[in-house]
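To convert, note that position 135 of the sequence shown is 138 in the numbering used here; the numbers rise steadily by one, no gaps.
Below: one structure, written as structure tokens.
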Amino acid sequence: MLDTNVLVDLWNDSDDFEYSYRAFDVATFLGFDVCMTALSAQTFVYLLPARKIVSRKETMSIFEKLLDYIDVLDVTGVDCRTACQHCSGDFEDDLNAWAAYRNGVDVIVTRNKADFKKSPVAVLTPQEFVDLYQPTCLEYEMVPF
4 MLDTNVLVDL WNDSDDFEYS YRAFDVATFL GFDVCMTALS AQTFVYLLPA
54 RKIVSRKETM SIFEKLLDYI DVLDVTGVDC RTACQHCSGD FEDDLNAWAA
104 YRNGVDVIVT RNKADFKKSP VAVLTPQEFV DLYQPTCLEY EMVPF
């Protein structure tokens, strides 16, 4: 499961783009079931235009295309209750973690591992995910702008 910050990185001109992109690419290359929660979907659609990364219209187009590659997991009342009972300080991340757990997710990829310190699902940064799963036949080269 990709956390919201990793998804936003894919359209953001920041230092975090490279490993977030590579994590997404490696996961799809290997045929992993890539997902996000409905909560992350809402936040993603809100953040891209709010941070002036792209317009609202472009955001909707991007999100629709993203749905071809990423499944959206539901978030239920049970997840809300469980997140309340196991609160680690960041309710949104707790909610995502428990929804991931209920849906059988193996790993959450996020830049903010500390926010998932009580996650019932393993948590990796994008770089850790790439280091662990990138096949040797898949090489990346930074293109200068």
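Glycine residues also receive a C-beta, built at the ideal position from the N, C-alpha and C atoms.
- For the segment 28-112, the continuous alpha helix (DSSP H) assignments of 4+ residues that do not extend past its boundaries occur at 41-53, 59-69, 80-88 and 94-105, in sequence order.
- Within 10 angstroms of the beta-carbon of residue 43 lie 16 or more other beta-carbons, which makes it buried.
- Taking a 10 Å sphere around the C-beta of residue 118, we find 16 or more other C-beta atoms and assign the residue as buried.
- Taking all protein chains in view, the Cβ of residue 13 is crowded by 16 or more other Cβ atoms within 10 Å, so the residue is classified as buried.
- Taking the Cα of residue 17 as reference, the smallest distance to any Cα among 87, 127 and 54 is reached at 54.
- Assigned with DSSP and collapsed to three states, residue 11 falls in helix.
- Pairing residue 98 with residue 47 gives a Cβ-Cβ distance that is not under 8 Å.
- Where residue 127 is concerned, the enclosing beta strand (DSSP E) starts and stops at 125-127.
- For a cut-off of 8 Å, the C-beta gap from residue 86 to residue 94 is around 6 Å, short enough to register as a contact.
- The three-state secondary structure of residue 135, taken from DSSP, is helix.
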